[in-house]
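Everything below concerns the one structure shown next.
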Amino acid sequence: MNRLPIHLVVNKEDYHLFVKPNRVLLDVLREDLELTGTKEGCGLGKCGACTVLLNGRPVHACLTLALQVDGCEITTIEGIGGEKMHPLQEAFVDKGAIQCGFCTPGMINTAKALLDENANPSEEEIKQAIAGNLCRCTGYNKIVDAIHSCGCQSKKKKGGIK
Amino acid sequence: MSQLDIVGKSFPQIAAQEKATGKTKFVTDLVLPRMLYGRVLRSPYAHAKILSIDTARAAAMPGVKAVVTFQDTPKIKFGPRSEDWTIFAADKTRFYGDEVAAVAAVDADTAEEALELIRVEYEELPYVISPLDAMKSGAPLIHEDKPGNIAADFKIEAGDVDRALDDSYVVYEDHFYTNQVYQAYMEPMSTLADVDLSGRVTIWTGTQIPNMMRMTYAKALGMAPDNLRIVVPEYGGAFGAKMENNIHLVAAVLAQKSGRPVKLVNTRHEDFIAGNPRVPMHFDIKIGATQNGILTGKDVKVVGAAGARLVYSQVIVATACYRVDSLYRFKNVRARGYTVYTNTVPTACFRGFGNSQSTFVLESALDELATRLKMDPAELRIKNGMGSNETSVHGWKIGSSGLRECVTKASDAANWIQKKKDKTPFKGIGLSCCNHVSGNRPFAREFDGGSGIVRIGKDGRITVFHGESDMGQGQNTTFAQIVAERLGVTMDMVNVAQVDTDISPFGLGSFATRGTLMGGNGVLAAAKDAYEQMADIAADMLNVKPSDVQCRKGMFFHTDSPDTKISFQKVASEATIRHHGAPIVGTGFYQPPTELPDPETKKGNISPAYPFGCQIAEVEVDPDTGQVSVTNFVAAHDVGRAINPMATEGQIQGGIAQGLGWTLMENMAYENGKIINADFVDYIVPSSFDIPDITTILVEPIEPNGPYGAKGIGEPALNPTMAAITNAIYDATGVRIRELPVNPQKLLAKIQKTGKHTKR
Numbered sequence: 021m022n023r024l025p026i027h028l029v030v031n032k033e034d035y036h037l038f039v040k041p042n043r044v045l046l047d048v049l050r051e052d053l054e055l056t057g058t059k060e061g062c063g064l065g066k067c068g069a070c071t072v073l074l075n076g077r078p079v080h081a082c083l084t085l086a087l088q089v090d091g092c093e094i095t096t097i098e099g100i101g102g103e104k105m106h107p108l109q110e111a112f113v114d115k116g117a118i119q120c121g122f123c124t125p126g127m128i129n130t131a132k133a134l135l136d137e138n139a140n141p142s143e144e145e146i147k148q149a150i151a152g153n154l155c156r157c158t159g160y161n162k163i164v165d166a167i168h169s170c171g172c173q174s175k176k177k178k179g180g181i182k
Numbered sequence: 004m005s006q007l008d009i010v011g012k013s014f015p016q017i018a019a020q021e022k023a024t025g026k027t028k029f030v031t032d033l034v035l036p037r038m039l040y041g042r043v044l045r046s047p048y049a050h051a052k053i054l055s056i057d058t059a060r061a062a063a064m065p066g067v068k069a070v071v072t073f074q075d076t077p078k079i080k081f082g083p084r085s086e087d088w089t090i091f092a093a094d095k096t097r098f099y100g101d102e103v104a105a106v107a108a109v110d111a112d113t114a115e116e117a118l119e120l121i122r123v124e125y126e127e128l129p130y131v132i133s134p135l136d137a138m139k140s141g142a143p144l145i146h147e148d149k150p151g152n153i154a155a156d157f158k159i160e161a162g163d164v165d166r167a168l169d170d171s172y173v174v175y176e177d178h179f180y181t182n183q184v185y186q187a188y189m190e191p192m193s194t195l196a197d198v199d200l201s202g203r204v205t206i207w208t209g210t211q212i213p214n215m216m217r218m219t220y221a222k223a224l225g226m227a228p229d230n231l232r233i234v235v236p237e238y239g240g241a242f243g244a245k246m247e248n249n250i251h252l253v254a255a256v257l258a259q260k261s262g263r264p265v266k267l268v269n270t271r272h273e274d275f276i277a278g279n280p281r282v283p284m285h286f287d288i289k290i291g292a293t294q295n296g297i298l299t300g301k302d303v304k305v306v307g308a309a310g311a312r313l314v315y316s317q318v319i320v321a322t323a324c325y326r327v328d329s330l331y332r333f334k335n336v337r338a339r340g341y342t343v344y345t346n347t348v349p350t351a352c353f354r355g356f357g358n359s360q361s362t363f364v365l366e367s368a369l370d371e372l373a374t375r376l377k378m379d380p381a382e383l384r385i386k387n388g389m390g391s392n393e394t395s396v397h398g399w400k401i402g403s404s405g406l407r408e409c410v411t412k413a414s415d416a417a418n419w420i421q422k423k424k425d426k427t428p429f430k431g432i433g434l435s436c437c438n439h440v441s442g443n444r445p446f447a448r449e450f451d452g453g454s455g456i457v458r459i460g461k462d463g464r465i466t467v468f469h470g471e472s473d474m475g476q477g478q479n480t481t482f483a484q485i486v487a488e489r490l491g492v493t494m495d496m497v498n499v500a501q502v503d504t505d506i507s508p509f510g511l512g513s514f515a516t517r518g519t520l521m522g523g524n525g526v527l528a529a530a531k532d533a534y535e536q537m538a539d540i541a542a543d544m545l546n547v548k549p550s551d552v553q554c555r556k557g558m559f560f561h562t563d564s565p566d567t568k569i570s571f572q573k574v575a576s577e578a579t580i581r582h583h584g585a586p587i588v589g590t591g592f593y594q595p596p597t598e599l600p601d602p603e604t605k606k607g608n609i610s611p612a613y614p615f616g617c618q619i620a621e622v623e624v625d626p627d628t629g630q631v632s633v634t635n636f637v638a639a640h641d642v643g644r645a646i647n648p649m650a651t652e653g654q655i656q657g658g659i660a661q662g663l664g665w666t667l668m669e670n671m672a673y674e675n676g677k678i679i680n681a682d683f684v685d686y687i688v689p690s691s692f693d694i695p696d697i698t699t700i701l702v703e704p705i706e707p708n709g710p711y712g713a714k715g716i717g718e719p720a721l722n723p724t725m726a727a728i729t730n731a732i733y734d735a736t737g738v739r740i741r742e743l744p745v746n747p748q749k750l751l752a753k754i755q756k757t758g759k760h761t762k763r
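Line order of the protein sequences matches chains A and B.
For the first sequence, the numbering used here gives the first residue as 21, with consecutive numbering after it.
For the second sequence, the numbering used here gives the first residue as 4, with consecutive numbering after it.
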């Protein structure tokens, strides 16, 4: 199979790659770029472990062909925080929202996309947003709490609710 | 007990930041130089004779470095408990997914293509899926040396069951079925294997039982256990499944043949069809009570499906036969448990280990008794519940029991009495209790305790070595807390080493809810040893007696004059200098006061501590569709003492979510001998929308045998969930659920029959 050139911006860094047309973004990230924070849980877009942000929106990297995202900006879990952890990452840690942690990168990416769009989501909105991200360890209660706490914090910072 | 600084406080997992930032290297993330990618060719038939295998074309394909079949293995029969395994099917395949051949190639695509070039000629054989059918005469024989497909037959009896039932005021008798469900941990089974020049094999894998697995695999590979090293990186959940599985051995054989490291990762489909899912069981139960609601006797027959080979199903069926007997003050019990070979994926451990199956049955039956006795189901449980310092019918010595407190606290929190009176159609509330163990003497082999090593380096850095397994539940954090508490240091000073059988103690592993108690007591003993060595040096440096010093928050000080003090780091440095570089190494072990059950009577004391719990579910049943939604959940669990309350709550909430999935959503469905829903498209596990708010209540009676009073929680978190929900469905509709999972169509049909829907 001929390899074709693509250009990706991953976590704000430029990558020029040659990929097979059937290569999915997940394999490019995990194998070619060695960004193993993005996980493969099912390969069918049903578990959400491979969720990354494509131009800010959550997508399943396991179903996305690398060629489809030529020229796009991609954020993986490695690019979510800066020098310090992102507030969502801190909240997941502090609230006990992480057990085995295999779903965590995808879950945090989905949550980030939600909060970027809706700074103070309700519990229902949070549950709606993460409905495609499976977690088998926590029973979701603490994940919802963690995301919810970030919503409140962002309001606090804006001087809103006490 | 003196004041606790670390134990009893909620700490995030020590690995949580790494996990939150994507830095954690899970098994599937591991890469070695020159690593090959393995793939397994699996049987497309439930039962088939292998006439021939032609691997020549696959082996000749560019990029393929090894192709292996049974012929490339040592051809030794082996198994965790019963030696009915081979690495790859030898002359016939026994389930859809059975390992037939494997390839290792330079990349995953090449390996996949090579699989298609392997030609296998099969002759299909008649197959059998249901264990009830497999027991019938004339059923296809799965293992030629096991007539009637009976893999194991377990019997237990105490008291006079027939007389007790005859004399009972009420007797309830029924048939129940608990289905086959999949653990659905988020990281599929995966392994990396490498061989050195001497032939020594290293396997990196997510396993709950690194040392026990090593003994089994050494036999399979025909090598001394010393020549096999197992390393356990972080891994993505297990819930019982990640024990022995052929893929680890396939990777090892591929590495041996290719001379290169080989990574083998199950696709999710493969993980469904060849993992180790829950043992499905048929139950016949007969149970009686007096007019006052005192349980009289219980008679149970269990038939469980082993699948095509024995992993641990025979022990699980045995557990289903009698563990629940120690939940209540039974005097007369009898059980017979058949473990039966079937042409299905080999079944094994899944959170609850047989006790979850029989807890569903018993707790459903208790609700039926309560109805017949016109008694509050909660009262029936309180009346019969096992209390502290009692001995059960099988000789189990219950140290602490918080069972009654669990029932009353859960009832209060759920507003049970009020809600039970409220008869809003299609809304219901249900209650269920459970007991469990913290370690299981008969499941372990030569011993059942735990051990640890605590190393303190020159800079005061503490490393804890254990041989159990953190599968994501947070065991390493619990151990770090126990060690930090005992040493008197802060959490940031403690590391927990990756389990490596070359270095770690010979721990038995994480099963039977044993980690916190057995492993925790093991590392506690090691910490005590290390502390005493440190205290001697600290006392010398402070010019006081060792008995007069103590350490808190990383500072040794004189008990009576706290200003006479020296830091833990300075003492560690001095220790290393005095010992010419040798670190302080504390070792220790815990020998539990258990008794191996008598082979005949099965009397013994299988665990040093017994956790209990009570869960209450509220449901709404859609009168038009029969769909059940769980609207509220309260769970009170006797955990002895929660070393880490946040982690303990997480265990409870996670267990309930899995139990809810089992009750209402999950089922491995077979058609033509194949699992037809072997992926997350068709096998639906609970998502955020399916799980209600779960109120957790920690009941802490402080267990005398536990480390700082702790018992286990992993499995009891799930055990009562199924019956709590189905008892709530009964309350809502008058329909008794006797088969898992709840089938909305059947439920609807039965609701229409009972006429209860007319109340709408």
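Where is the CB? At the ideal position from N, CA and C, for every residue including glycine.
Keep in mind that this is a model prediction, so the values were computed, not measured.
Between which two residues does the alpha helix (DSSP H) harbouring B:H272 extend? Here residue 272 of chain B refers to the residue found at position 269 when the second sequence is read from its first residue. First-last of the alpha helix (DSSP H) with B:H272: 271–277.
What span of residues does the beta strand (DSSP E) with B:E234 cover, start to end? Stepping through the second sequence from its first residue, residue 234 of chain B is reached at position 231. A small fix is needed here, since residue 234 of chain B is Val in this sequence, not Glu. Segment 231–235, the beta strand (DSSP E) holding B:V234.
Kindly say whether A:G102, judged by its beta-carbon, lies nearer than 8 Å to any beta-carbon of chain B. Sequence index remark: in the first sequence, residue 102 of chain A carries index 82 (1-based). So, not an interface residue.
Between which two residues does the beta strand (DSSP E) carrying B:R448 extend? Indexing the second sequence from 1 puts residue 448 of chain B at position 445. That residue, B:R448, is in no beta strand (DSSP E); it is neither H nor E in DSSP.
Please say whether B:S193 and A:L154 have beta carbons closer to each other than 8 Å? As a first step, residue 154 of chain A must be located in the first sequence, where it is residue number 134. As a first step, residue 193 of chain B must be located in the second sequence, where it is residue number 190. Contact: no.
Closest to B:E408 by C-alpha separation, out of B:V702, B:L663, B:A660, would be which residue? Reading the second sequence from its first residue, position 405 is the one you call residue 408 of chain B. Cα-wise, what sits closest to B:E408 is B:V702.
Return the CA-CA distance between B:G674 and B:V131, expressed in angstroms with no decimal places. Counted from its first residue, the second sequence places residue 674 of chain B at position 671. Counted from its first residue, the second sequence places residue 131 of chain B at position 128. Residue identity differs from the one stated: residue 674 of chain B is Glu in this sequence, not Gly. Those two C-alpha atoms are separated by around 11 Å.
Going by Cα to Cα distance, which pick from B:F179, B:N647, B:L35 is closest to B:L365? Here residue 365 of chain B is taken as the residue at index 362 of the second sequence, counted from 1. For the residues B:F179, B:N647, B:L35, the minimum Cα distance to B:L365 belongs to B:F179.
With DSSP as the reference, please indicate the residues paired to B:F81 in a beta bridge. Position 78 of the second sequence, counted from the first residue, corresponds to residue 81 of chain B. For B:F81, which the question treats as bridged, DSSP gives the partners B:W88.
If I measure Cβ to Cβ from A:G57 and keep anything under 8 Å in the same chain, skipping five residues before and after, which residues do I get? Residue 57 of chain A sits at position 37 when you count from the first residue of the first sequence. Contacts found: T96, I97, E98, P125.
What distance in whole Å lies between the Cβ atoms of B:A351 and B:Y315, which are believed to be in contact at a cut-off of 8 Å? Here the question's residue 315 of chain B lines up with position 312 in the second sequence. Here the question's residue 351 of chain B lines up with position 348 in the second sequence. About 5 Å separates the two Cβ atoms, so the contact holds.
Quick one: grab the DSSP three-state call for B:P428. Mapped onto the second sequence, residue 428 of chain B falls at position 425. Coil.
Residue-level contact to chain B via CB, A:N31, 8 Å cutoff: Sequence index remark: in the first sequence, residue 31 of chain A carries index 11 (1-based). By this cut-off, A:N31 is not an interface position.
What does the Cβ neighbour count give for B:D302, buried or exposed, with the cut at 16 atoms within 10 Å? Counted from its first residue, the second sequence places residue 302 of chain B at position 299. The residue is buried, with at least 16 neighbouring Cβ atoms inside 10 Å.
What separation, rounded to the nearest whole angstrom, lies between the Cα atoms of B:P445 and B:G310? Translated into the one-based positions of the second sequence, residue 445 of chain B becomes position 442. Translated into the one-based positions of the second sequence, residue 310 of chain B becomes position 307. One C-alpha to the other measures close to 22 Å.
For chain A, find out if any of its Cβ atoms is closer than 8 Å to the Cβ of B:Y185; answer yes or no. The residue given as residue 185 of chain B occupies position 182 in the second sequence. No, B:Y185 does not count as interfacial toward chain A.
Going by DSSP, what residue range makes up the beta strand (DSSP E) through B:I53? Looking up residue 53 of chain B in the second sequence gives position 50. Taken as a continuous stretch (DSSP letters only), the beta strand (DSSP E) holding B:I53 covers 51–57.
Express the C-alpha separation of B:F275 and B:D87 in angstroms, rounding to a whole number. As a first step, residue 87 of chain B must be located in the second sequence, where it is residue number 84. As a first step, residue 275 of chain B must be located in the second sequence, where it is residue number 272. So the alpha carbons of these two residues sit roughly 21 Å apart.
On the premise that B:A500 lies in contact with B:M494, defined as a C-beta separation below 8 Å, what is that separation, rounded to the nearest angstrom? The residue given as residue 494 of chain B occupies position 491 in the second sequence. The residue given as residue 500 of chain B occupies position 497 in the second sequence. 16 Å between Cβ atoms; not a contact.
Exposed or buried, which one is B:D197 when buried takes at least 16 other CB atoms within 10 Å? Residue mapping note: residue 197 of chain B aligns to position 194 of the second sequence, counting from 1. Buried is the call here.
Would you tell me roughly how many angstroms separate the C-alpha atoms of B:Q6 and B:V552, rounded to the nearest one? Numbered from its first residue, the second sequence carries residue 6 of chain B at position 3. Numbered from its first residue, the second sequence carries residue 552 of chain B at position 549. Straight-line Cα distance between these residues: approximately 16 Å.
Tell me, please, which residues DSSP counts as bridged to B:D156. Counting from one through the second sequence, the residue named residue 156 of chain B turns up at place 153. Bridge partners of B:D156: B:Y341.
Under the rule that 16 or more other beta-carbon atoms within 10 Å means buried, what is B:I250, buried or exposed? Sequence index remark: in the second sequence, residue 250 of chain B carries index 247 (1-based). B:I250 should be labelled buried.
In chain order, which continuous runs of the alpha helix (DSSP H) of length 4 or greater are located wholly inside the stretch 612–694 of chain B? 648–667
Could you name the residues of chain A that B:T219 contacts, counting a contact when the two beta carbons are closer than 9 Å? Looking up residue 219 of chain B in the second sequence gives position 216. By Cβ distance, chain A contributes nothing, its closest Cβ being about 24 Å from B:T219, past 9 Å.
Determine, using beta carbons only, whether B:S691 comes closer than 8 Å to chain A. As a working mapping, residue 691 of chain B is identified with position 688 in the second sequence. Yes, B:S691 counts as interfacial toward chain A.
Residue ranges of each alpha helix (DSSP H) within the stretch 462–518 of chain B, 4 or longer: 478–490
Taking a cut of 7 Å between CB atoms, which residues from the stretch 162–196 of chain B lie near chain A? A187, Y188, M189, E190
Proximal chain A residues relative to B:P15, where beta-carbon distance stays under 7 Å: Position 12 of the second sequence, counted from the start, is the residue given in the question as residue 15 of chain B. Those are V113, D114, G116, listed as they occur along chain A.
According to DSSP, is A:G61 helix, strand or coil? As a position in the first sequence, residue 61 of chain A is number 41, starting the count at 1. Three-state result, A:G61: coil.
Let's see if you can read the secondary structure: which residues bound the alpha helix (DSSP H) around B:E21? Translated into positions along the second sequence, residue 21 of chain B becomes position 18. From DSSP, the alpha helix (DSSP H) with B:E21 extends over 19–24.
Taking the C-alpha atoms as reference points, what is the distance between B:Y185 and B:H50? Here residue 185 of chain B corresponds to residue number 182 of the second sequence, with the count starting at 1. Here residue 50 of chain B corresponds to residue number 47 of the second sequence, with the count starting at 1. Spanning the two alpha carbons is a distance of roughly 21 Å.
Would you call B:S261 buried or exposed, if buried means 16 or more other Cβ atoms sit within 10 Å of its Cβ? Residue 261 of chain B sits at position 258 when you count from the first residue of the second sequence. It is buried - the Cβ of B:S261 has at least 16 other Cβ atoms within 10 Å.
Positions along the stretch 715–734 of chain B whose CB lies within less than 7 Å of some CB in chain A: none
Quick check on the DSSP output: what are the complete beta strand (DSSP E) runs of length 3 or more inside the stretch 519–561 of chain B, in order along the chain? 552–555, 558–561
Please list, in chain order, the residues of the stretch 465–498 of chain B that have any C-beta partner in chain A closer than 7 Å. M474, G475, Q476, G477
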